[in-house]
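Novice: For the sequence shown, this note's numbering gives the first residue as 12, with consecutive numbering after it.
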Amino acid sequence: MRLRHVGATSHDEPGVPHGPWLTRWSAAPSNAGRLSHMSEPTGAARRRGPFKVGDQVQLTDPKGRHYTFTLEEGKNFHTHKGSFPHDELIGAPEGSVVRTTGNVAYLALRPLLPDYVLSMPRGAAVVYPKDAGQILAFADIFPGARVVEAGVGSGSLSSFLLRAIGDQGMLHSYERRADFAEIAQANVERYFGGPHPAWQLTVGDLQDNLSDTEVDRVILDMLAPWECLEAVSKALVPGGIVCCYVATTTQLARTVESIREIGCFNEPSAWESMIRNWHIEGLAVRPDHRMIGHTGFLLTARRLADGVEPPMRRRRPAKGAYGEDYAGPNADGGSGR
Numbered sequence: 012m013r014l015r016h017v018g019a020t021s022h023d024e025p026g027v028p029h030g031p032w033l034t035r036w037s038a039a040p041s042n043a044g045r046l047s048h049m050s051e052p053t054g055a056a057r058r059r060g061p062f063k064v065g066d067q068v069q070l071t072d073p074k075g076r077h078y079t080f081t082l083e084e085g086k087n088f089h090t091h092k093g094s095f096p097h098d099e100l101i102g103a104p105e106g107s108v109v110r111t112t113g114n115v116a117y118l119a120l121r122p123l124l125p126d127y128v129l130s131m132p133r134g135a136a137v138v139y140p141k142d143a144g145q146i147l148a149f150a151d152i153f154p155g156a157r158v159v160e161a162g163v164g165s166g167s168l169s170s171f172l173l174r175a176i177g178d179q180g181m182l183h184s185y186e187r188r189a190d191f192a193e194i195a196q197a198n199v200e201r202y203f204g205g206p207h208p209a210w211q212l213t214v215g216d217l218q219d220n221l222s223d224t225e226v227d228r229v230i231l232d233m234l235a236p237w238e239c240l241e242a243v244s245k246a247l248v249p250g251g252i253v254c255c256y257v258a259t260t261t262q263l264a265r266t267v268e269s270i271r272e273i274g275c276f277n278e279p280s281a282w283e284s285m286i287r288n289w290h291i292e293g294l295a296v297r298p299d300h301r302m303i304g305h306t307g308f309l310l311t312a313r314r315l316a317d318g319v320e321p322p323m324r325r326r327r328p329a330k331g332a333y334g335e336d337y338a339g340p341n342a343d344g345g346s347g348r
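1. Could you give the first and the last residue of the continuous beta strand (DSSP E) run that contains residue 227?
2. Let me check understanding here. Comparing Cα to Cα, which of 243, 164, 78 lies closest to residue 122?
3. Leaving aside the five residues before and after residue 139 along the sequence, list all residues of the same chain whose C-beta is less than 6 Å from its C-beta, in chain order.
4. Below 8 Å between beta carbons: does that hold for residue 176 and residue 163?
5. How about the stretch 100–115 and the stretch 124–141: do they share at least three Cβ pairs that are nearer than 8 Å?
6. Could you pull out every residue in the same chain whose Cβ sits closer than 8 Å to the Cβ of residue 295, ignoring the five residues on either side in sequence?
7. Give me the residue from 240, 192, 243, 289 with the minimum Cα distance to residue 135.
8. Is it true that the CB of residue 314 sits closer than 8 Å to the CB of residue 214?
9. Throw me the rounded Cβ distance for the residue 339 and residue 264 pair, which I believe falls under 8 Å.
10. Let's see if you can read the secondary structure: which residues bound the beta strand (DSSP E) around residue 314?
11. Let me check one thing: in DSSP terms, what residues is residue 118 bridge-paired to?
12. In angstroms with no decimal places, state the Cα-to-Cα distance between residue 285 and residue 258.
13. When the Cβ atoms of the stretch 232–244 are set against those of the stretch 77–95, are three or more pairs found closer than 8 Å?
14. Between which residues of its own chain and residue 83 is the CB-CB distance below 6 Å, once the five residues before and five after are set aside?
15. What residue range does the beta strand (DSSP E) around residue 179 cover?
16. Hey, quick one: how far does the beta strand (DSSP E) through residue 235 stretch, first residue to last?
17. Quick check for students: name the residue ranges of the beta strand (DSSP E) that lie wholly in the stretch 231–297, counting only runs of 3 or more.
18. Which same chain residues, not among the five before or five after residue 80, have their C-beta less than 7 Å away from its C-beta?
19. Count the other CB atoms within 10 Å of the CB of residue 50; is the residue buried (16 or more) or exposed (fewer)?
20. Look up residue 159 in the DSSP assignment and say whether it is helix, strand or coil.
21. Among 133, 293, 52, 147, which residue has its Cα nearest to the Cα of residue 256?
22. Just curious, the alpha helix (DSSP H) that residue 128 is in, first and last residue?
23. What do you reckon, are the CB atoms on residue 183 and residue 223 nearer than 8 Å?
24. If you reduce the DSSP assignment to three classes, tell me which class residue 200 lands in.
25. In terms of residue numbering, what span does the beta strand (DSSP E) encompassing residue 96 cover?
26. Do residue 161 and residue 311 have their C-beta atoms closer together than 8 Å?
27. In chain order, what residues of the same chain have a beta carbon less than 6 Å from the beta carbon of residue 133, not counting five sequence neighbours either side?
28. In this structure, does DSSP put residue 153 in helix, strand or coil?
29. State the CB to CB distance for the pair residue 251 and residue 226, rounded to an integer number of angstroms; the pair is presumed to be in contact (CB under 8 Å).
30. Quick one: what's residue 371 bridged to in DSSP?
31. Give the range of the alpha helix (DSSP H) segment to which residue 217 is assigned.
Right, dumping it as structure tokens:
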């Protein structure tokens, strides 16, 4: 993982070509194949086998409450129901049960990534697992993909993206705030057990600093994604996907209209998702009283080939959709598309 501050002095070797993708994509395919057989993917060793010092552990109490901590030799885990030594878990298989001095049983497992991102330290709000999963699916994040991300926050989505693209991909993340970048870096490295070789983190604005080309996917998690669309359109390969995550309907509408106006993407798709768990006990089968409702809107669009105009939209806008009160992008009502 490389953390770069915009304006910092370059440490590249003289005469050596450089760029976000060149270092990892210039190796011969035969070498890349040998490397993939020689070592496990980053973080894989931390996901299996007996508990080891430095592992993240998630305890579940009899009421289903979760407690996450890092295993350390000689330390004790304390709750209001008593304590137990970390050494009891070191070397034990995952799925073990430990008892505190108060004789309360706790189930010990490694936290799944969705559990981890909800319990890790936060600077900014996290992208919830339900939205991260949809981004991976509908933005079609594949192993080896070259991805640009704007708005790192606390590193939640970065962790999902890195695990999806693997060590042979490349994720270049941009974050305006240095304090958020530091929190995200610590969270990602804690999950993977160290720096991830596919990650470059830049502190700065994407629209001012995006120099990457031949990018497969761009993920925008920011207040004004429409400000970046011009730069994004130049970076994406034909057929590449831009995916935006926004919180409000006004942001959603402006982003969609801006994508239409720029004229080099297909018709964008927009949606939201909600999750409702169910309570199941014998014949008592009912939805839970609480659910994960609105967290944000997602939208995707695909980059067209250079010089191609998007096909005309056959469906007419609703009456009044572009009335006198509308003053946003595409104010002519999208005539011609």
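Every residue gets a Cβ at the ideal spot worked out from N, C-alpha and C, and that includes glycine.
Specialist: Considering the structure as presented:
1. That run of the beta strand (DSSP E) goes 226–231.
2. It is 78 whose Cα lies nearest to the Cα of residue 122.
3. Excluding residues within five positions, the ones whose Cβ falls inside 6 Å are 306.
4. Judged by their CB atoms, residue 176 and residue 163 are not nearer to each other than the 8 Å cut-off.
5. The count of Cβ pairs closer than 8 Å, one atom from the stretch 100–115 and one from the stretch 124–141, stays below three, leaving the stretches out of contact.
6. Nothing meets the Cβ criterion.
7. Looking at the Cα atoms, 192 is the closest of the given residues.
8. Not in contact: residue 214 and residue 314 (Cβ atoms no closer than 8 Å).
9. Indeed they touch by this definition, with Cβ atoms about 7 Å apart.
10. Residue 314: not part of any beta strand (DSSP E); DSSP gives it neither H nor E.
11. The secondary-structure analysis by DSSP pairs residue 118 across a beta bridge with 71, 108.
12. The alpha-carbon atoms of residue 285 and residue 258 are separated by roughly 14 Å.
13. Short answer: they don't touch.
14. 97, listed in sequence order.
15. Premise fails: residue 179 is in no beta strand (DSSP E) and is neither H nor E.
16. Segment: none, residue 235 is in no beta strand (DSSP E) and carries neither H nor E.
17. Runs of the beta strand (DSSP E) spanning 3 or more residues and lying entirely within the stretch 231–297 occur at 247–257, 280–282, 289–292, in chain order.
18. If we look at residue 80 and ignore the five residues flanking it on each side, its Cβ neighbours are 68, 88.
19. Result: exposed.
20. Strand at residue 159.
21. With respect to the C-alpha of residue 256, the residue from 133, 293, 52, 147 having the closest C-alpha is 147.
22. 124–130 is the extent of the alpha helix (DSSP H) around residue 128.
23. With a cutoff of 8 Å on beta-carbon distance, residue 183 and residue 223 are scored as near each other.
24. The answer is helix: DSSP assigns residue 200 an H, G or I state.
25. Counting along the chain, the beta strand (DSSP E) containing residue 96 begins and ends at 93–96.
26. In this structure, residue 161 sits away from residue 311, with a CB-CB distance that is not shorter than 8 Å.
27. Excluding sequence neighbours, residue 133 sits near 165.
28. DSSP places residue 153 outside both helix and strand once states are collapsed to three, so it counts as coil.
29. So it is a contact: roughly 6 Å between Cβ atoms.
30. A question about residue 371 goes unanswered here, because the residues of the chain that appear run from 12 up to 348.
31. Unbroken alpha helix (DSSP H) run through residue 217: 217–220.
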